[in-house]
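One structure is given below, encoded as C-alpha cells.
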Amino acid sequence: MKFHDIVNLICEQSPLQKKKLTGYLSEQTDRFFCEADEFALRYNGFLQTRNIPIEYAVDAYLRMCGNMLRCQVAFLRSGRYPVASTQEARNDVYHSHAEMLPYMVGLGISQFLWPSHYRIFNFFKQAILERADYVSDYLEIGPGHGLLLENALTTLHGLQKAVAVDISPTSLDLTKDFIEYAIPGDRRVRFILGDIMEVDLGQGFHFITMGEVLEHVDRPTQLLERLRGLLAPDGRIFISTCANCPAIDHVYQFDRIQQIRDLILDAGFKIERELALPVENMSVEKAEISRVTINYCALLMLP
Numbered sequence: 001m002k003f004h005d006i007v008n009l010i011c012e013q014s015p016l017q018k019k020k021l022t023g024y025l026s027e028q029t030d031r032f033f034c035e036a037d038e039f040a041l042r043y044n045g046f047l048q049t050r051n052i053p054i055e056y057a058v059d060a061y062l063r064m065c066g067n068m069l070r071c072q073v074a075f076l077r078s079g080r081y082p083v084a085s086t087q088e089a090r091n092d093v094y095h096s097h098a099e100m101l102p103y104m105v106g107l108g109i110s111q112f113l114w115p116s117h118y119r120i121f122n123f124f125k126q127a128i129l130e131r132a133d134y135v136s137d138y139l140e141i142g143p144g145h146g147l148l149l150e151n152a153l154t155t156l157h158g159l160q161k162a163v164a165v166d167i168s169p170t171s172l173d174l175t176k177d178f179i180e181y182a183i184p185g186d187r188r189v190r191f192i193l194g195d196i197m198e199v200d201l202g203q204g205f206h207f208i209t210m211g212e213v214l215e216h217v218d219r220p221t222q223l224l225e226r227l228r229g230l231l232a233p234d235g236r237i238f239i240s241t242c243a244n245c246p247a248i249d250h251v252y253q254f255d256r257i258q259q260i261r262d263l264i265l266d267a268g269f270k271i272e273r274e275l276a277l278p279v280e281n282m283s284v285e286k287a288e289i290s291r292v293t294i295n296y297c298a299l300l301m302l303p
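Okay, so the sequence shown: first residue is 1 according to full-length UniProt numbering, each after it adds one.
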C-alpha cells in the first residue's frame with residue numbers, strides 16, 4: 001500500500017478532495033512522499049490487524065471531512081459551535097464506538113493529507129527530538145490515533161515510563177493496539193481510561209503532550225492549570241488546538257489566536273515557540289475576520 005493509493009481512493013469518491021489534494025501534493029518534496037509512503041504502509045498494516053480494510057479508512061476520512069464541512073456551514077450562519085458541553089460530546093461521540101472509531105481512523109489518515117496537520121506533526125516531532133536524550137517521564141492526554149505517542153516512544157532514548165490518558169474507551173483501545181503493532185512488547189506505557197482532571201498521576205513529567213483537547217472541554221483554563229501541576233520544573237508541554245473550528249465534538253470556541261495565547265499565559269506558562277496555520281491560503285488576521293479555521297500549536301514551559 002502506497003500513499004498515492006490512498007489518495008487515489010479518496011479522489012475517486014470526492015471531487016472536492018481531489019481539487020484540494022492535487023494542489024497541495026503538487027507542492028510537496030520527495031522527502032514528504034517517502035514519509036507518507038512509510039506511514040501508509042505502516043498504518044494500513046495496523047488496520048489489517050484490526051480487520052479494517054483501507055476502504056473503510058477512506059470512507060471514515062471522507063465522513064469526517066463531510067461532518068466538518070456541515071459544521072462549518074452551520075457555524076458561519078449561527079456563529080456558534082454545534083455542541084453545547086463536554087458531557088454532550090461524551091454521550092454522543094466519545095462513548096459511542098460507532099462514532100469514535102471512524103473519527104479516529106479518519107483523523108489518523110489526515111496527518112499527511114491536511115497541510116496544517118502535517119506541519120503540526122513535524123513541529124511535535126522536532127520538539128520531541130530536541131529532548132530525546134533526557135526525557136524520562138512522558139504524559140499524553142487524548143492520544144487519539146496513537147501516532148504522536150508512537151513517535152515519542154521511538155524517539156525518546158532515555159524514556160523510562162509513559163502514561164496515556166483518554167476519556168474514550170474506543171480511542172484508548174485503538175492507541176493500545178497501534179502501539180503494540182508498531183513497537184511490539186513495549187511495556188513502558190500505562191494506559192488509563194479516565195478524565196485527566198480526576199486521575200491521580202503524581203507529578204514531575206518531563207514532557208506532556210495534549211493534542212487537540214483544549215477545544216473539547218468546558219473549562220480549558222482549569223485543564224492547563226492541571227497540566228502545570230504535573231510538569232517538571234524544566235519540562236515542556238506540546239499543545240495543539242484551533243480557532244473557528246466547529247466539529248461534532250468541539251465545545252470551547254476560540255475566535256482569535258490571541259485568546260489561546262492569553263489562556264496559556266493566564267494558566268502560568270510561557271510560550272517557547274508557536275505555529276498558527278489557517279486552513280485556507282490567507283493570513284491569520286484575515287482568517288479571524290472571515291471565521292476560517294486556524295490550527296494552532298505551541299511548545300510551553302514554566303516561566
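Backbone N, C-alpha and C fix where the C-beta goes; we use that ideal spot for every residue, glycine too.
Asked: So what does DSSP say about PHE269, is it helix, strand or coil?; Found: coil
Asked: Over the uninterrupted beta strand (DSSP E) stretch that includes LEU193, give me the two end residues.; Found: 189 to 193
Asked: Measure the CB-CB distance between ALA287 and MET68 and report whether it falls below 8 angstroms.; Found: no
Asked: When DSSP builds the beta bridges, which residues end up paired with PRO278?; Found: ILE294
Asked: Return helix, strand or coil for LYS176, following the three-state DSSP convention.; Found: helix
Asked: Touching or not, the region 125 to 135 and the region 68 to 82, by the rule of three or more beta carbon pairs under 8 angstroms?; Found: no
Asked: CA-CA distance, PHE238 and LYS2?; Found: 30 angstroms
Asked: With a threshold of 8 angstroms between beta-carbons, can ARG256 be considered close to chain C, or not?; Found: Looking for chain C here will not work: only one protein chain is present.
Asked: Determine the direct distance from the alpha carbon of ASP5 to that of THR209, and round the result to whole angstroms.; Found: 31 angstroms
Asked: Bridge partners of VAL165, per DSSP?; Found: ILE141 and ILE192
Asked: Taking buried to mean at least 16 other C-beta atoms within 10 Å of its own C-beta, is GLY144 buried or exposed?; Found: buried
Asked: Among GLY45, ASP59 and ALA276, whose alpha-carbon lies nearest the alpha-carbon of THR241?; Found: ALA276
Asked: Quick check on this structure: which residue in ASP166, GLY142, GLY146 and ARG190 has the alpha carbon closest to the alpha carbon of GLN160?; Found: ARG190
Asked: Can you tell me whether SER168 is buried or exposed, with buried defined as 16 or more other CB within 10 angstroms of its CB?; Found: buried
Asked: Beta-carbon within less than 8 angstroms of GLU225's beta-carbon, same chain only, minus the 5 sequence neighbours each way: which residues are those?; Found: ALA267 and GLY268
Asked: Could you pull the DSSP bridge partners for ALA243 from this structure?; Found: ILE294
Asked: So what does GLY211 bridge to, in DSSP terms?; Found: SER240
Asked: So for MET100, helix, strand or coil by DSSP?; Found: helix
Asked: Measure the C-alpha to C-alpha separation of SER96 and LEU174 and round it to an integer number of angstroms.; Found: 14 angstroms
Asked: TYR61 and SER110 - do their beta-carbons sit closer together than 8 angstroms?; Found: yes
Asked: So, for TYR24: in the same chain, excluding its five sequence neighbours on each side, which residues have a beta-carbon less than 7 angstroms away from its beta-carbon?; Found: PRO115
Asked: Out of LEU172, ARG119 and ILE10, point me to the one whose CA is closest to ILE141's CA.; Found: LEU172
Asked: State yes or no: is the C-beta of LEU230 within less than 8 angstroms of the C-beta of ASP186?; Found: no
Asked: Closest to VAL73 by C-alpha separation, out of THR293, PRO303, LEU302 and MET301, would be which residue?; Found: THR293
Asked: Please state whether DSSP places ASP218 in a helix, a strand or coil.; Found: coil
Asked: Whole angstroms are fine: how far does the CA of CYS11 sit from the CA of LYS270?; Found: 42 angstroms
Asked: Suppose only complete runs of 4+ residues qualify. What are the alpha helix (DSSP H) ranges in the region 48 to 114, listed by chain order?; Found: 54 to 78, 86 to 89 and 97 to 113
Asked: Quick check: what's the CA-CA separation for TYR138 versus VAL199?; Found: 15 angstroms
Asked: Give every residue of the same chain whose Cβ lies closer than 7 angstroms to the Cβ of PHE205, excluding the five residues on either side of it in the sequence, and list them in chain order.; Found: ASP137, TYR138, LEU139, LEU230, LEU231, ALA232 and GLY235
Asked: Among GLU274, ILE264 and PHE39, which has the Cα closest to the Cα of CYS297?; Found: GLU274
Asked: Out of LEU113, GLN253, GLY146 and GLY158, which one is the CA nearest neighbour of LEU129?; Found: GLY158
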